[in-house]
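**Q** Okay, handing you the structure first.
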Amino acid sequence: MNARVVVIGGTSGIGLATAERQKREGREVIVTGRDKSKLEAALERLGEGATGACVDAMDEAATQAFFADLGEVDHVVVAVTGNTAAGPFRTLPIQDLRAAAEGKLVAQTVAAQAALRVLRPGGSLTFVTAGSSGAAIPGTAGLAAVNAAVEAMVPVLAVELAPIRVNAVSPGIIDTPWWDWMDADARRQTFEAYAGNAPAGRVGQPEDIAGAIAYLIDGTFTTGVVLSVDGGSRLRPAAL
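Under this note's numbering, think of the first position of the sequence shown as 2, with each following residue one higher.
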């Protein structure tokens, strides 16, 4: 029987690329997203063998109900994210920080708790965080705080939830719709600066992160790891 993989936040960007990668590897894929039109488009793109549901991970009751109806699953990837909470710390709106924490830290926690109802022993739970947690880039303190909070749970949960394996992938700048909050010029300048600073010489693509997640899913001797996938940008001083 094929393994079953659930991707929470699997209708665009990293989540969708992860679902595509897992489907190519012959697994049954179930995706969720908040936007019905994006869900429908993702399922059409994924094709036969993929299913999904319109679920807001910040809705605890709906998320619990979604997992309760699934039956046993083998792997869960939690790729949901929230607002940016980007900007200088001195003027960072607290409501933006709250929204970012709700949209990522809380939503990912809700999804992970609900997944434990059906996640088989020996399966895996993989969070998607962000490289801002350790990059020390001015203007990203809010983002860093939210993502670092998710990453701090990983080693604790790897011990507490064993034999379920718990890991996270921490992407650098990846060209996804998450950046749509920026205007086109600012986005281009940000990407160019990042590419110039990264030894890999480019920004990442969703498929880069999908490959890292595939490793964490298949790596049966890997747990409690936060895997940095940032083109090596952490090796040089921040340039953004």
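Glycine included, each C-beta is placed from N, C-alpha and C at the ideal position. Remember, it's a predicted structure, so these values are computed and weren't measured experimentally.
Looking at the structure shown, is Ile218 part of a helix, part of a strand, or coil, going by DSSP?
**A** helix
**Q** Taking the alpha-carbon of Ala146 as reference, which of Gly88, Gly53, Glu29 has the nearest alpha-carbon?
**A** Check the Cα spacing between Ala146 and each of Gly88, Gly53, Glu29: the tightest is with Gly88.
**Q** I'd like to know if the region 124-136 and the region 180-191 are in contact, where contact means that at least 3 CB-CB pairs between them fall below 8 Å.
**A** no
**Q** Using the rule of at least 16 other Cβ atoms within 10 Å of the residue's Cβ for burial, across every protein chain shown, is Pro94 buried or exposed?
**A** exposed
**Q** Measuring only the C-alpha atoms, how far is Gly212 from Val7?
**A** Rounded to whole angstroms, Gly212 to Val7 spans 16 Å at the Cα level.
**Q** Buried or exposed: which applies to Ser234, given that a residue is buried once 16 or more other Cβ atoms fall within 10 Å of its Cβ?
**A** buried
**Q** Compare the C-alpha of Lys105 against each of Glu73, Ile165, Ala116, Ala131 and name the closest.
**A** Nearest option by C-alpha distance: Ala131.
**Q** Decide if Arg91 is buried, meaning its Cβ has at least 16 other Cβ atoms within 10 Å, or exposed.
**A** exposed
**Q** According to DSSP, is Ser229 helix, strand or coil?
**A** strand
**Q** Grab me the residues of Phe67's own chain with a C-beta within less than 6 Å of its C-beta, minus the 5 sequence neighbours each way, in chain order.
**A** Once the five neighbours on either side are set aside, the close Cβ partners of Phe67 are Ala54, Val56.
**Q** Could you check what DSSP says for Ser13 in three-state terms: helix, strand or coil?
**A** coil
**Q** Less than 8 Å between the CB atoms is what I'm expecting for Val111 and Ala169, so what's the real figure, rounded?
**A** The beta-carbon separation of Val111 and Ala169, rounded to 16 Å, does not stay under the 8 Å limit for a contact.
**Q** Hey, Val230 and Gly143: beta-carbon distance below 8 Å or not?
**A** no
**Q** Cβ of Asp36 within 8 Å of Cβ of Thr12?
**A** Contact check for Asp36 against Thr12 passes: the beta carbons are separated by less than 8 Å.
**Q** Please name the residue or residues paired with Ser125 in a DSSP beta bridge.
**A** His76, Arg166
**Q** Thinking Pro122 and Ile175 are a contact (beta carbons under 8 Å), I'd like their distance in whole angstroms, please.
**A** That pair is no contact at about 32 Å.
**Q** Between the region 71-90 and the region 16-30, can you find at least three pairs of beta-carbon atoms closer than 8 Å?
**A** yes
**Q** When DSSP labels each residue in this structure, what does Pro156 get in the three-state scheme?
**A** If DSSP states are grouped into helix, strand and coil, Pro156 belongs with the helices.
**Q** Since Gly53 is in the beta strand (DSSP E), which residue starts that stretch and which ends it?
**A** 51-55
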